[in-house]
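Residue numbers (the working numbering): 13 to 504. One structure is given here, and the rest of the page talks about it.
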């Protein structure tokens, strides 16, 4: 067999770049589809599954084509087509995303529609290069092994560079453009013949897709490290601002009135705080999740002298808050960027009166912030008489809300729930506030305060909450299927 003109260096470069490009696309897939289908375990699973399907299909077809055609020609074509399809990934997501809705099936379809072609084409490179480099059976093991290793190294480079470096430095569109350019340039290098017409057609296609890459509009104002984020103005309140992360209205802030609480669950948080602590008393609070910094803003305005430590995972959310939501004007705020679980572990014992949990990955509380082990850390940080408040989104049959209630009851002496009327009915759901404390709490207090404001709230005191969660599991670090409990196929 002939090496088809492939030097060792060129062969290794081809499989390295192709392997890296596949993992860049896979790593970015969940970020790209999150504004439309949410950022969940299902969307992550869809990205991995589609990538593996594309790799399998590309390996099969690449090998077959390399047997029927000159292998180098297959490599050139696969790199060129793969590079062009990498440019198309983001526009395809933005075109199809609004029509598919949310949910696991939508995630699978959207990831497949946008990325399967690019991954399949790039996965054809490996077997075609291997076929070109084989000269006989004597050294076949070494050739196959070294090229396979180089492809794996490319995949590792694509994964680590994207997750640790590129996402923090460049917008998603720029990462895809650089990846596509690397594939297209390598296609030009590997081409044995470069007909002017073919080069011109490929260049024109790259230009058109490059324009589409940046020109097809999506919902993002900015791509942060973890979210597609934007700030919208409330047409009914000139100073009202809504922070939207991916497909979820995450926070509401009135820049002219920090005491205005637009979202119902924030009013339930305040009703509980005002029940548990004397009016106007400054509090030391820890906020798990920054978002629009609604609660730190409210505490600073209504309880002067309060200190709020905000644990926010995404530096981009902090930055957009500073630019658009006047976060730097809130007194007494200490922002710590990083994962809330590890950040909480760094806080001293008995250092907070209040811990507010309002962190989300799409609609679900991140699983590692929902377990008994995490709540033990929350209890450690709280002073005697302290209160833990958690915003939970769940829908009928409310399996996750029940499980989180059971989990909190395994750590705290008293656990109750504040939910809107009808929240527990068939087909209902939305935001609920879980209240956990080791102190005695006037459980009718939030009800009275809501009624005084003309609102209704259903209060489940510890006895009623225990009945609601009687059959639910306690979530632990080894068992916390949060996304599955929230979805219909996780129902009892």
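Ideal Cβ positions, reconstructed from N, Cα and C, are used throughout, including at glycine. Model, not experiment: these values are computed from the prediction.
Of the residues 377, 379 and 420, which one's Cα is nearest the Cα of residue 391? Sequence index remark: in the chain shown, residue 391 carries index 379 (1-based). Ranked by how close their Cα comes to the Cα of residue 391, the residues 377, 379 and 420 have 420 in first place.
Candidates 408, 370, 295 and 493, of which the one nearest residue 325 by Cα: Taking the first residue of the chain shown as 1, we reach residue 325 at position 313. Proximity to residue 325 across 408, 370, 295 and 493 peaks at 370, based on C-alpha coordinates.
Assuming residue 202 and residue 91 make a contact with CB atoms under 8 Å, what is their CB distance in whole Å? Residue mapping note: residue 202 aligns to position 190 of the chain shown, counting from 1. Residue mapping note: residue 91 aligns to position 79 of the chain shown, counting from 1. 7 Å between Cβ atoms; contact.
Quick check on DSSP: helix, strand or coil for residue 19? Position 7 of the chain shown, counting from 1, holds the residue named residue 19. In this structure, residue 19 counts as coil in the three-state DSSP scheme.
Within the stretch 115 to 145, ranges of the alpha helix (DSSP H) (whole runs, at least 4 residues): Here the runs fully enclosed are 116 to 135 and 137 to 145.
Any contact of the stretch 238 to 253 with the stretch 219 to 226, i.e. 3+ C-beta pairs under 8 Å? They do not touch, by the three-pair rule.
Simplified DSSP assignment, three categories, for residue 202: As a working mapping, residue 202 is identified with position 190 in the chain shown. Reduced to three states, the DSSP call for residue 202 is helix.
So does the stretch 180 to 198 actually touch the stretch 87 to 105, counting three or more Cβ pairs closer than 8 Å? Contact between the stretch 180 to 198 and the stretch 87 to 105 is present: three or more C-beta pairs spanning the two stretches fall below 8 Å.
Rounded to whole angstroms, what is the Cα-Cα separation between residue 500 and residue 412? Along the chain shown, read from residue 1 onward, the residue named residue 500 stands at position 488. Along the chain shown, read from residue 1 onward, the residue named residue 412 stands at position 400. Annotation note: pLDDT 49 at residue 500 (below 50); position unreliable, coordinate value reported separately. Going by the C-alpha atoms only, they are around 11 Å apart.
For residue 263, three-class secondary structure by DSSP: Within the chain shown, numbered from 1, the residue matching residue 263 stands at position 251. Residue 263 falls in the strand class under three-state DSSP.
How should residue 145 be labelled, buried or exposed, when 16 other C-beta atoms within 10 angstroms of its C-beta is the threshold for buried? Start at 1 with the first residue of the chain shown, and residue 145 comes out as number 133. So residue 145 ends up on the buried side.
Which same chain residues, not among the five before or five after residue 59, have their C-beta less than 6 Å away from its C-beta? Residue 59 sits at position 47 when you count from the first residue of the chain shown. 38, 41, 42 and 123, listed in sequence order.
On the DSSP letters alone, give me the boundaries of the alpha helix (DSSP H) that residue 282 sits inside. Residue mapping note: residue 282 aligns to position 270 of the chain shown, counting from 1. The continuous alpha helix (DSSP H) containing residue 282 extends over residues 276 to 288.
What did DSSP end up calling residue 187 once you bin it into helix, strand or coil? Against the chain shown, residue 187 aligns to sequence position 175. In the structure shown, residue 187 sits in a helix (DSSP, three-state: H, G or I).
Between 194, 277 and 139, which has its C-alpha nearest residue 445's C-alpha? Position 433 of the chain shown, counted from the start, is the residue given in the question as residue 445. The shortest CA-to-CA distance from residue 445 to any of 194, 277 and 139 is the one to 277.
Assess, as a yes-or-no matter, whether the stretch 420 to 430 is touched by the stretch 386 to 401 under the definition of 3 or more beta carbon pairs within less than 8 Å. A contact is defined here as three or more CB-CB pairs under 8 Å, and the stretch 386 to 401 meets this definition with respect to the stretch 420 to 430.
Residue 486 in three-state terms, based on DSSP: Reading the chain shown from its first residue, position 474 is the one you call residue 486. Looking at residue 486 - three-state DSSP - the assignment turns out to be coil, as it is neither helix nor strand.
Secondary structure, beta strand (DSSP E): runs of 3+ residues fully inside the stretch 389 to 468: Segments of the beta strand (DSSP E) lying fully in the stretch 389 to 468: 394 to 407, 426 to 431 and 441 to 449.
Chain-order list of residues whose beta-carbon lies under 6 Å from that of residue 439 (same chain, five-residue window excluded): To locate residue 439, count along the chain shown from 1; it is residue 427. Excluding positions up to five away in sequence, the list reads 408.
Would you say the stretch 151 to 168 touches the stretch 193 to 207, given that touching needs at least three Cβ pairs under 8 Å? Flag = no, the stretch 151 to 168 and the stretch 193 to 207 do not touch.
Euclidean distance between Cα positions of residue 416 and residue 490: Here residue 416 refers to the residue found at position 404 when the chain shown is read from its first residue. Here residue 490 refers to the residue found at position 478 when the chain shown is read from its first residue. Rounded to whole angstroms, residue 416 and residue 490 show a C-alpha spacing of 15 Å.
Helix, strand or coil at residue 152 [DSSP, three-state]: Sequence index remark: in the chain shown, residue 152 carries index 140 (1-based). Residue 152 falls in the helix class under three-state DSSP.
Taking the beta carbon of residue 360 as the centre, do at least 16 other beta carbons fall within 10 Å, making it buried, or is it exposed? By one-based count along the chain shown, residue 360 stands at place 348. That one is exposed.
Report the rounded CA-to-CA distance for residue 247 versus residue 332, giving the unit in angstroms. Mapped onto the chain shown, residue 247 falls at position 235. Mapped onto the chain shown, residue 332 falls at position 320. Distance from the CA of residue 247 to the CA of residue 332, rounded to the nearest whole angstrom, comes to 20 Å.
Assigned secondary structure, residue 158 (DSSP; H/G/I helix, E/B strand, else coil): One-based indexing of the chain shown puts residue 158 at position 146. Residue 158: helix per DSSP, three-state reduction.
Leaving aside the five residues before and after residue 142 along the sequence, list all residues of the same chain whose C-beta is less than 7 Å from its C-beta, in chain order. Position 130 of the chain shown, counting from 1, holds the residue named residue 142. Result list for residue 142: 155, 156 and 159, in chain order.
With distances taken Cα to Cα, identify the nearest neighbour of residue 242 among 258, 274 and 249. For this step, residue 242 is matched to residue 230 along the chain shown. Between residue 242 and the set 258, 274 and 249, the nearest pair of CA atoms involves 258.
Tell me the residue span of the beta strand (DSSP E) that contains residue 54. The residue labelled residue 54 in the question sits at position 42 within the chain shown. According to the DSSP assignment, residue 54 belongs to no beta strand (DSSP E) but to the alpha helix (DSSP H) extending over 53 to 80.
Distance between residue 387 and residue 488 (C-alpha atoms, nearest Å): Working through the chain shown from its first residue, we reach residue 488 at position 476. Working through the chain shown from its first residue, we reach residue 387 at position 375. Rounded to the nearest angstrom, the two C-alpha atoms are 10 Å apart.
Give the DSSP bridge partners of residue 257, in chain order. Along the chain shown, read from residue 1 onward, the residue named residue 257 stands at position 245. Partner(s): 241 and 260.
Whose C-beta lies closer than 6 Å to the C-beta of residue 56 among residues of the same chain, with five residues either side of it excluded? The residue you call residue 56 lines up with position 44 of the chain shown. Within the same chain, residue 56 has close Cβ partners 42.
Could you check how far apart the C-beta atoms of residue 330 and residue 347 are, in whole angstroms? I think they sit under 8 Å. Locating residue 330 in the chain shown gives position 318, where the first residue counts as 1. Locating residue 347 in the chain shown gives position 335, where the first residue counts as 1. Their Cβ separation, rounded to whole angstroms, is 6 Å, which keeps residue 330 and residue 347 in contact under 8 Å.
For the stretch 471 to 485 against the stretch 427 to 435, do three or more pairs of beta-carbon atoms, one drawn from each stretch, fall closer than 8 Å, so that the two count as touching? Touching, yes.
Tell me which same chain residues have a C-beta within less than 6 Å of the C-beta of residue 94, skipping the five on either side of it? As a working note, residue 94 is residue 82 in the chain shown. Excluding residues within five positions, the ones whose Cβ falls inside 6 Å are 130, 133, 134 and 195.
Proximity to residue 179 [Cα-Cα], best of 234, 339, 200 and 228: Locating residue 179 in the chain shown gives position 167, counting from the first residue. Ranked by Cα distance from residue 179, the options 234, 339, 200 and 228 are led by 234.
From 394, 210, 334 and 435, pick the residue whose C-alpha is nearest to that of residue 404; which is it? On the chain shown, position 392 is the one that residue 404 refers to. Comparing Cα-Cα distances from residue 404 to each of 394, 210, 334 and 435, the minimum goes to 435.
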